[in-house]
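Have a look at the structure below, then the notes.
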Amino acid sequence: PSWGTATHPPTPGNIHQPWGRPLTSSPSLADSSLLESYTEGEIRQLISALVERYSQAMNSGGHELPLFPRTGSRRKRARARHKPCALKELEVSVSELGLGYESDETVLFRYCSGTCEAAVRSYDLSLKSMRSRRRIKKEKVRARPCCRPLAYDDDVSFLDAYNRYYTVNELSAKECGCV
Numbered sequence: 046p047s048w049g050t051a052t053h054p055p056t057p058g059n060i061h062q063p064w065g066r067p068l069t070s071s072p073s074l075a076d077s078s079l080l081e082s083y084t085e086g087e088i089r090q091l092i093s094a095l096v097e098r099y100s101q102a103m104n105s106g107g108h109e110l111p112l113f114p115r116t117g118s119r120r121k122r123a124r125a126r127h128k129p130c131a132l133k134e135l136e137v138s139v140s141e142l143g144l145g146y147e148s149d150e151t152v153l154f155r156y157c158s159g160t161c162e163a164a165v166r167s168y169d170l171s172l173k174s175m176r177s178r179r180r181i182k183k184e185k186v187r188a189r190p191c192c193r194p195l196a197y198d199d200d201v202s203f204l205d206a207y208n209r210y211y212t213v214n215e216l217s218a219k220e221c222g223c224v
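Reading the sequence shown from the start, the letters are residues 46 to 224 in my numbering.
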């Protein structure tokens with residue numbers, strides 16, 4: 046059996062889905078035995094192929110789409126997707142940094158955020174091609190540049206909850222770029 050792409054016209058008991066299979070209020074005998082006609086191995090193979098395709102799409106710049114998008118959400122995603130790589134900042138307590146220190150002192154944490162679409166190089170295009178041809182398989186590689194710190198602020202010093210003095214280096218970004 047093959048997975049077809051037949052579509053069914055909407056009827057009161059049949060809600061049309063974008064992937065071509067209807068949701069019915071009461072499954073027919075054919076629908077209830079659909080998965081029974083496949084072996085467990087075939088179903089596992091199908092699921093593995095779908096997961097791999099999804100991972101490839103997400104790693105190559107694809108974006109997850111909801112099954113039932115809200116009105117206007119497409120426009121918000123499009124705007125958010127094209128914000129260039131930039132330096133952002135956030136005031137946080139030392140404890141919130143997740144480095145294992147207990148302290149109520151606050152620091153200005155600067156970080157890099159945004160996309161790097163304009164910085165795509167020949168390497169990125171070739172890597173994307175090799176992945177689509179399945180020459181590079183299960184390795185976790187990105188076929189596009191990432192927004193990362195190019196330089197870091199000065200070291201940050203603070204007292205913890207037990208009055209011990211600590212200094213942390215390379216904590217906060219000073220300059221961001223696409224690498």
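Ideal Cβ placement from N, Cα and C applies to all residues, glycine included.
Taking the alpha-carbon of residue i as reference, which of the options has the nearest alpha-carbon?
{"i": "Leu172", "options": "Ala164, Lys182, Ala188 and Arg179", "result": "Ala188"}
{"i": "Glu184", "options": "Cys161, Glu97 and Ile92", "result": "Glu97"}
{"i": "Cys192", "options": "Lys128, Arg89 and Ser138", "result": "Lys128"}
{"i": "Tyr287", "options": "Val165, Glu147 and Cys223", "result": "The structure shown has nothing for residue 287, since the chain only spans 46 to 224."}
{"i": "Glu215", "options": "Ser177, Ala206, Asn208 and Leu142", "result": "Leu142"}
{"i": "Val165", "options": "Pro190, Ser177 and Ile92", "result": "Pro190"}
{"i": "Ala206", "options": "Leu170, Leu95, Gly145 and Ile181", "result": "Gly145"}
Is it right to say residue i is buried, meaning 16 or more other beta carbons lie within 10 angstroms of its own, or is it exposed?
{"i": "Ser202", "result": "exposed"}
{"i": "Ser217", "result": "buried"}
{"i": "Val139", "result": "buried"}
Residues in the same chain with beta-carbon distance under 8 Å from residue i, minus the five sequence neighbours each way, listed in chain order, please.
{"i": "Glu220", "result": "Leu132, Pro194, Leu195 and Ala196"}
Skipping 5 residues on each side, what residues in its chain have a beta carbon closer than 6 Å to that of residue i?
{"i": "Val213", "result": "Val201"}
{"i": "Leu135", "result": "Phe154"}
{"i": "Pro111", "result": "Because the pLDDT of Pro111 is 47, which lies under 50, any placement of that residue in the model is unreliable, and the question is left without a value."}
Quick one, are the C-beta atoms of residue i and residue j less than 8 Å apart?
{"i": "Thr160", "j": "Cys130", "result": "yes"}
{"i": "Glu23", "j": "Leu204", "result": "Not covered by the structure: residue 23. The range shown for the chain is 46 to 224."}
Three CB pairs or more closer than 8 Å across the region 144-160 and the region 189-209: When Cβ pairs closer than 8 Å are counted between the two stretches, the region 144-160 is seen to touch the region 189-209, the count reaching three or more.
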